[in-house]
Every structure is written in C-alpha cells, then in structure tokens.
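Counted from 1, the sequence shown has number 22 at position 23 by numbering that gives the first Met the number 0; the numbering is strictly sequential.
To keep things clear, I will list the structure first and then write my remarks on it.
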Amino acid sequence: MSSSTVERQIELYAKELRLPAVRESYSDEAHHAQAEGASYPEYLLELLRLESDHRCQSRTQRWLRESRLPLEKNLETFDLKRLPSKVMHQVRALKDGSFLERKENVLAFGNPGSGKTHLLCALGQELVLQGYKVYFTKCSLLVEELLRDKKALKLDRKLKKLAKCDALIIDDIGYVHHDRDEIEVLFTLLAHRYERGSVMITSNLPFSKWECIFKDPMTTAAAIDRLVHHSVILEINCESYRVEQARRRSAAP
Ligand code: ADP
Ligand code: MG
Numbered sequence: 000m001s002s003s004t005v006e007r008q009i010e011l012y013a014k015e016l017r018l019p020a021v022r023e024s025y026s027d028e029a030h031h032a033q034a035e036g037a038s039y040p041e042y043l044l045e046l047l048r049l050e051s052d053h054r055c056q057s058r059t060q061r062w063l064r065e066s067r068l069p070l071e072k073n074l075e076t077f078d079l080k081r082l083p084s085k086v087m088h089q090v091r092a093l094k095d096g097s098f099l100e101r102k103e104n105v106l107a108f109g110n111p112g113s114g115k116t117h118l119l120c121a122l123g124q125e126l127v128l129q130g131y132k133v134y135f136t137k138c139s140l141l142v143e144e145l146l147r148d149k150k151a152l153k154l155d156r157k158l159k160k161l162a163k164c165d166a167l168i169i170d171d172i173g174y175v176h177h178d179r180d181e182i183e184v185l186f187t188l189l190a191h192r193y194e195r196g197s198v199m200i201t202s203n204l205p206f207s208k209w210e211c212i213f214k215d216p217m218t219t220a221a222a223i224d225r226l227v228h229h230s231v232i233l234e235i236n237c238e239s240y241r242v243e244q245a246r247r248r249s250a251a252p
C-alpha cells in the first residue's frame with residue numbers, strides 16, 4: 000500500500016472512531032518515534048496518551064460550560080488573605096475535593112459582600128478542573144425550576160439529573176419564600192440529596208434565622224439537621240469587599 004493511501008485510511012479510521020488527537024498527531028509522532036528509536040508499542044502508547052489528555056481537556060471544558068459557574072470568579076481573582084485564618088485553612092483542605100467523596104456539605108455564612116458567592120464559585124471551578132461535576136445555581140432560580148418541573152410532573156427526573164453532579168452549589172438561600180410549594184420543593188431537593196451528594200450553600204442568614212426560609216420550626220429543624228450532619232461551615236465574617244474597595248479609593252491621594 001502506498002504511504003499516501005495508508006495516511007488517508009488512518010485519517011478516515013481516526014475520524015470514524017472519533018480520535019481527533021490521533022488524527023492530528025500520528026504523523027509527527029511517527030517521525031519523532033523514528034528519530035528517537037522508539038518501539039511500536041511506545042509509539043502507540045504516546046498516541047493513546049495524547050488522545051486521553053485531549054478527551055480529559057474537552058470534558059473539563061464541557062463540564063465548565065455545563066456547570067453554569069461564573070468563570071471570572073476563580074481563585075486567581077480571589078484574595079484569600081481577606082478571609083479569617085480558620086476559613087483560609089478550611090478552604091485549603093476543601094480544594095482537594097475529598098469532601099465530595101465523603102458527600103459532605105459546605106455551608107458559607109457571612110454578611111453581604113464578604114465574598115461567599117465568589118469563594119464557593121472559585122472552589123467549584125477548582126473541583127471541575129479536578130474532574131468533579133459541579134452545578135451552580137441561584138436559590139431563587141432553582142426553586143423556580145423545581146416548581147416548573149413539579150407542575151409538569153418531572154420533579155423526579157430533575158432530582159435524578161441533579162443527583163449526577165458531585166456538588167450542587169445553591170447561592171443565596173436567604174431568599175424568602177412565600178409560597179408553601181416553593182418551600183416544599185426546596186426541602187424535597189435537600190432531603191433527596193442528603194448523603195447522595197454534596198450541597199454547597201451560601202447564606203446571609205445564620206441558622207437562627209432560617210425559619211424565615213422554611214417557615215415552620217419542624218421543617219426548618221429537619222432541613223438544618225440534614226445539611227449540618229456531614230458538613231464544613233465557613234464563617235466569613237469580614238467587611239464587605241466592595242465597601243473596603245470604596246474606602247480605599249476615597250482614601251487614596
Ligand atoms: P457575598 O456573596 O458574600 O454577598 P460576593 O462573593 O458576591 O459576596 O462578593 C461581592 C463582590 O466582591 C464580588 O464582586 C466579589 O468578586 C468581590 N469579592 C469579595 N471578596 C473578595 C475577595 N476576597 N477577593 C476578591 N474579590 C472579592
Ligand atoms: Mg452572594
């Protein structure tokens with residue numbers, strides 16, 4: 000077979016089998032292998048490694064898109080030194096993702112502007128980069144979606160879909176719900192996720208005020224109980240970042 004026919008066939012097979020990195024690199028790698036005296040298995044190994052890396056990178060990119068995380072809120076743009084030192088240590092420990100294997104929750108409390116949302120988004124992004132599946136949503140939006148699914152008799156399907164992610168980030172659970180149905184779907188979700196997968200929550204309200212969210216004391220206690228059972232609590236009581244920035248600007252000469 001002529002070498003151009005071989006190349007055409009390799010390209011066709013690589014396309015059919017969806018091996019874009021093999022298709023892209025087989026020729027250059029063959030020259031390298033020849034120049035370095037590599038064996039056939041070593042050449043094949045290198046191609047497989049390239050394909051595997053390529054797949055891993057495209058999966059990470061896809062999961063970052065699907066996570067709905069605001070990607071500009073990452074650890075590079077976050078000043079960790081602003082955090083209380085206990086929280087800084089907790090964050091370092093959370094970065095390795097092992098809490099997701101243990102199905103532990105992360106609950107971030109603190110005053111508005113203290114960086115809760117930014118911090119959990121940044122952690123979420125680190126977790127995706129490590130190969131975990133993360134989904135970020137504002138609590139109000141999530142409740143709206145769950146209600147819509149419930150009305151369409153698709154709540155079970157939605158809960159199963161959400162169960163596929165390793166971490167569900169629910170931002171701003173302090174949102175005050177008025178309607179029983181809203182409270183019920185939120186509670187159903189938290190109960191469904193309990194010990195199935197991690198939940199990461201931000202809230203301006205301390206637990207003592209969670210009756211504003213769940214209305215009756217029994218539901219409130221049951222929700223807190225499930226969330227706290229296996230959890231890491233981040234208490235970010237520091238000055239609002241925006242207020243601090245504004246003060247710095249006005250103090251600048
Ligand atoms: P919270 O969710 O606690 O109300 P946010 O995370 O929304 O606060 O933070 C408010 C603003 O300040 C955002 O624009 C965020 O990016 C920024 N910010 C807060 N903390 C930090 C920090 N430690 N480093 C960099 N930016 C921060
Ligand atoms: Mg927030």
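Every residue, glycine too, gets a C-beta built ideally from N, C-alpha and C.
Could you have a look at Ile172 and say whether DSSP puts it in helix, strand or coil? coil
Presumed contact (8 Å Cβ cut-off) between Ser230 and Leu99, rounded CB distance: At roughly 13 Å, the Cβ-Cβ gap does not stay under 8 Å, so Ser230 and Leu99 are not in contact.
Closest by CA to Glu143, which one among Gly112, Arg179, Ile223? Arg179
So is Gly36 buried or exposed if we call it buried at 16+ other beta carbons inside 10 Å? exposed
Three-state secondary structure (DSSP) at Phe206? helix
According to the neighbour-count rule (16 or more other Cβ atoms, all chains shown, within 10 Å of its Cβ), is Asn110 buried or exposed? exposed
How many Å lie between Ala222 and Pro216 at the Cα? 10 Å
As a quick check of your reading: which residues have a C-beta less than 5 Å from at least one non-hydrogen atom of the ligand ADP, in chain order? Phe77, Asp78, Arg81, Pro111, Gly112, Ser113, Gly114, Lys115, Thr116, His117, Tyr240
Expressed to the nearest angstrom, what Euclidean distance is found between the alpha-carbon atoms of Thr219 and Tyr240? 30 Å
For Leu50, which residues from the same chain have a beta carbon less than 6 Å from its beta carbon, with the 5 sequence-adjacent residues on both sides left out? Correcting the residue identity first, residue 50 is Glu in this sequence and not Leu. If we look at Glu50 and ignore the five residues flanking it on each side, its Cβ neighbours are Leu18, Ala20, Val21.
Ser197 - DSSP class collapsed to helix/strand/coil: strand
Report whether the distance from the Cβ of Thr219 to the nearest heavy atom of the ligand MG is below 6 Å. no
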